[in-house]
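**Student:** If you scroll down you'll find the structure; I have some questions about it.
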Amino acid sequence: MKARTAPLREEFMQAIGEIIDSGAFSGGPVVESFEDDFAAYCGTRHAIGVGSGTEALWLTLLAMGIGPGDEVITVPLTFAATVEAICLAGAKPVFVDVDEWTYTINPADLERVRTPNTKAILPVHLFGQPADMDPILEFARKYRLRVIEDAAQAQGAEYKGRRAGSIGDVGCFSFYPGKNLGAFGEAGAVVTGNDKLANQIRMLANHGQSRKNVHFLVGWNSRMDGIQAAVLRIKLRHLDRENRLRRDHAMRYNRALADLSGLVLPAVVNDRSHVFHLYALRARDRRRLIAALEARQIGCGLHYPVPVHLQPAYRHLGYRRGDFPVAEQSADELISLPMFPELTPDQIAFVAAAVAEAVATSLAAGIA
Ligand SMILES: *Cc1c(COP(=O)(O)O)cnc(C)c1O
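What follows is the structure, encoded as structure tokens:
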């Protein structure tokens, strides 16, 4: 993190100093400027800064009037927040399996799970690659459903030339520090072209106030901090360059690992741009790979080792192992290698060599 912030440190200190001097710690003009910048970046009419990505999703569902008795279709291979938001809105998450190459929602399964109670589809642009939005939008039009994009991992990604988050009715973003566009704390945003929803979400995020002391809705406090907005405004100017670096690193990994057996490397589908929030590959013998990386002190991650439908908190939904075979197998096999803009070719080669060695020992043991 230190290496990441060093080149812009002076600029950050200056911007944070201005917030301290102005006293605009919660909301205020810098938050408004960031909202304008981010809306322009995404190509939407509105951006609303909120407290986190989780709240972006939850407030969106509330603004749409989605609650008890309603169903929202999403995927089990995601961060728990996607599903939490649906449950905390009082609605029921209904899962469909993911596609085996992109790990995003498989649109072919939508028809099978729809009921008269289905109100929305919530695709997740997992690891930084947009879900296949056209069939989702078509399905939504057919049954008059809302489409909410969980774009928490996909700031700047594109689907057929459109920015992630700007394709459905609403796009929800997280600026958690580890995301491609990360704040110095918790923050999130909602983007939309729908004036009414934008207005509703803005009210909900500020105690339901339509103006001061008029509480029009039962809302919440989910205002963005001035300091986070100041940091994000600066970082947004570097996002495209950093995403390009991530993409270059991913291609370098792909080339270095291409000939190894027992691995499934990340695939980028035509017409989509992947911003590689994570470089996640599948390994048949993941245990050995983790051990080899750890032995060299190479950080790796599991996203996500237990799919949401098998987590204790979601047992009441009644799903069982076997219900979503692609998500379950992916959860067993996915492993994320180091991925950040400052990664060097030497570091990538070092990681790739460790992966190659693990694959060789797996082969010798007859596993890969
Ligand atoms: C990070 C993340 C969230 C939640 O965002 P927070 O800002 O941490 O609340 C939601 N969905 C996905 C897919 C995420 O990766």
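Be aware that the sequence shown starts at 16, since it is given in the working numbering, and climbs by one per residue.
The beta-carbon is built from N, C-alpha and C at its ideal position, and this holds for glycine as well.
1. Taking C-beta to C-beta, are residue 145 and residue 169 nearer than 8 Å?
2. Could you tell me how far apart the beta carbons of residue 419 and residue 237 are, in whole angstroms, since I believe they sit closer than 8 Å?
3. Any heavy atom of ligand 1 within a distance shorter than 7 Å of the CB on residue 110?
4. Hey, how far is the Cα of residue 49 from the Cα of residue 246?
5. Which class does residue 341 belong to by DSSP, given the choice of helix, strand or coil?
6. Considering only their Cβ atoms, is the gap separating residue 109 from residue 86 smaller than 8 Å?
7. Under 8 Å by Cβ, that's how I've got residue 299 and residue 382 pegged, so tell me the actual separation to the nearest angstrom.
8. Closest to residue 123 by CA distance: which of 219, 370, 106, 149 is it?
9. Comparing the CB of residue 167 with every heavy atom of ligand 1, is any distance shorter than 7 Å?
10. Quick one: what's got a C-beta closer than 8 Å to residue 273's C-beta in the same chain, skipping five residues either side?
11. Report yes or no: do the stretch 92-106 and the stretch 284-292 share at least 3 C-beta pairs separated by less than 8 Å?
12. Ligand 1 and residue 142: does the residue's C-beta get closer than 7 Å to at least one heavy atom of that ligand?
13. Following the continuous alpha helix (DSSP H) through residue 48, name the residue where it begins and the one where it ends.
14. Taking residue 359 as the reference, which of 303, 267, 301 has the closest Cα?
15. Please go through the same chain and pick out, in chain order, the residues whose beta-carbon is closer than 7 Å to the beta-carbon of residue 346, but skip the five residues on each side of it.
16. So residue 251 and residue 53 are supposed to be a Cβ contact under 8 Å. How far apart are they, rounded?
17. With which residues is residue 321 paired in a DSSP beta bridge?
18. DSSP state of residue 118, grouped into three classes?
**Tutor:** The short version:
1. Yes.
2. Nothing can be reported for residue 419, as the shown portion of the chain is limited to 16 through 383.
3. Checking the 7 Å criterion, the Cβ of residue 110 is out of range of every heavy atom belonging to ligand 1.
4. One C-alpha to the other measures close to 9 Å.
5. When DSSP states are grouped into helix, strand and coil, residue 341 belongs to the helix group.
6. In terms of Cβ geometry, residue 86 and residue 109 form a close pair [threshold 8 Å].
7. Right, their Cβ atoms sit about 7 Å apart.
8. When C-alpha distances from residue 123 are compared across 219, 370, 106, 149, the shortest belongs to 149.
9. At a threshold of 7 Å, residue 167 counts as near ligand 1, since its beta carbon sits closer than that to one of the ligand's heavy atoms.
10. Cβ within range, chain order: 280.
11. No, the stretch 92-106 does not touch the stretch 284-292.
12. Distances between the C-beta of residue 142 and the heavy atoms of ligand 1 are all 7 Å or more.
13. Unbroken alpha helix (DSSP H) run through residue 48: 44-57.
14. Selected option, being the one with the closest Cα: 267.
15. Contacts found: 92, 319, 320, 321, 322.
16. A Cβ-Cβ distance of about 7 Å is found for the pair residue 251 and residue 53, placing them in contact under the 8 Å criterion.
17. Beta bridge pairing from DSSP links residue 321 with no other residue.
18. In the three-state scheme derived from DSSP, where H, G and I count as helix and E and B as strand, residue 118 is classed as coil.
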